[in-house]
Amino acid sequence: MTAGEIISMLRLEAHPEGGYFTETYRSGESVARAHLPSRYGGNRPFGTAIYYLLTPDSFSSMHRLSSDEIFHFYLGDPVELLELHPDGRGEIILLGSGLAKGMAPQAVVPAGVWQGARLVPGGTYALLGTTVAPGFDFGDFEIGVRAALIERHSSSAELITALTRE
Ligand code: GUN
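Using numbering that gives the first Met the number 0, the first residue of the sequence shown is number 0, and each one after it goes up by one.
And the structure:
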């Protein structure tokens, strides 16, 4: 199977921050803003899910969300997921099916942690899913700026440079 075949079979579209996606689930019920932490600017669905595809010429740009996000590995080649924590710690999680090689089929990015992802160089595609609760809303999304991230997380400078556009 090729990335192009997966894009057409699952009807994926270009994600604004890189890669290809389609939303597969958005709960029909929501939590009122008054019952959410103050960082949320409105009501939010209980949860959302997407398919997310990475290809050699795409990556997920460094960003952070107001909600925890859980990644699920489905098919293809391994992915490096960079997490930059508020305490300054940088962490690279290998998403994939190679358990014996230290890969994880699932990973959590806590709310407020900077995250970005790409194929481990040499891979051809990876099909992932992500689930977010309370559900995804662009109002809860903040894009990372390279210079500011590197200033705070200098030991991850090389990967930050690869995972930012400006
Ligand atoms: N719309 C654009 N990006 C996303 C995302 O990451 N998740 C969901 N659920 N919807 C989106």
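No residue lacks a Cβ here, since even glycine has one placed at the ideal position from N, Cα and C.
Bear in mind the structure is a predicted one, so any value in this text is a computation, not a measurement.
Near the ligand GUN: residue i beta-carbon under 7 Å from a heavy atom
| i | result |
| --- | --- |
| H14 | yes |
| V131 | yes |
| F135 | yes |
| I142 | no |
| T160 | no |
| E22 | yes |
| I49 | yes |
Nearest-angstrom beta carbon gap, residue j and residue i [assumed within contact, 8 Å]
| i | j | result |
| --- | --- | --- |
| L9 | P55 | No, L9 and P55 are not in contact; Cβ-Cβ is about 18 Å, not under 8 Å. |
| S66 | V131 | 5 Å |
| G75 | Y124 | 5 Å |
| T23 | A48 | 5 Å |
| L52 | A2 | 6 Å |
Option in the options with minimal Cα separation from residue i
| i | options | result |
| --- | --- | --- |
| G121 | S57, G3, A48 and A99 | S57 |
| S29 | L35, F20, P36 and N42 | N42 |
| L158 | L83, F70, P104 and V112 | L83 |
| F135 | P85, L162 and I69 | I69 |
| E141 | M102, S60, T1 and K100 | S60 |
| G87 | I149, E4, A103 and M0 | I149 |
Any C-beta of chain B under 8 Å from that of residue i
| i | result |
| --- | --- |
| L162 | Although the question refers to chain B, the structure presented lacks it and comprises just one protein chain. |
Alpha-carbon to alpha-carbon, residue j and residue i
| i | j | result |
| --- | --- | --- |
| I6 | T129 | 16 Å |
| D38 | T160 | Just to set this straight, residue 38 is Arg in the shown sequence, not Asp. Between R38 and T160, the C-alpha separation is close to 28 Å. |
| L93 | L35 | 32 Å |
| A31 | P133 | 11 Å |
| R25 | V144 | 29 Å |
| G17 | P85 | 24 Å |
| Q105 | A33 | 31 Å |
| G95 | S154 | 24 Å |
| A156 | K100 | 25 Å |
Beta-carbon proximity of residue i to residue j, cut-off 8 Å
| i | j | result |
| --- | --- | --- |
| R164 | V112 | no |
| H14 | G89 | no |
| G138 | G40 | yes |
| F45 | L127 | no |
| L11 | Y50 | yes |
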